[in-house]
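Structure record follows, encoded as structure tokens.
Numbering (full-length UniProt numbering), first residue to last: 1 to 138.
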């Protein structure tokens, strides 16, 4: 598990690039890097705080549906990217930490990257030995 904290613009760019690079490597395409060592990936889930929905449901409901699908189908080869997930809720910290704690308890813990500037999430997860923290100033 990895956690990174960065400003909004950089956070979106980095999380998008991670997902794209993993996908490109998975299909055998060129990866824009000097070197990349990536294992097989069976699914990529991006959980964001998108303010729009094209399904007729609220964006928050769509986010929870996707989170539920990710949790039900997770394997050790799954990549889950949180990018300020459920940011529009007052309970964002509790929900994000609860999902991460659940994933940590899985026998086959997936690869999870959380991009956030919410330091409460960092504080609540810092004692978990499975979590690695990466802090970015840009």
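Beta carbons: idealized from backbone N, C-alpha and C, even for Gly.
Asked	Found
Pick helix, strand or coil for residue 102, following the three-state DSSP scheme.	helix
Quick one: grab the DSSP three-state call for residue 117.	coil
Using a 10 Å radius around the Cβ and a threshold of 16 neighbouring Cβ atoms, would you call residue 82 buried or exposed?	buried
What residue from 47, 41 and 22 has the CA that sits closest to residue 35's CA?	22
Which term fits residue 106, buried or exposed, when burial requires 16 or more other beta carbons within 10 angstroms of its beta carbon?	exposed
Cα separation between residue 104 and residue 27?	28 Å
Is residue 17 buried or exposed, if buried means 16 or more other CB atoms sit within 10 Å of its CB?	exposed
Have a look at residue 108 and residue 31 and give me their C-alpha separation to the nearest angstrom.	27 Å
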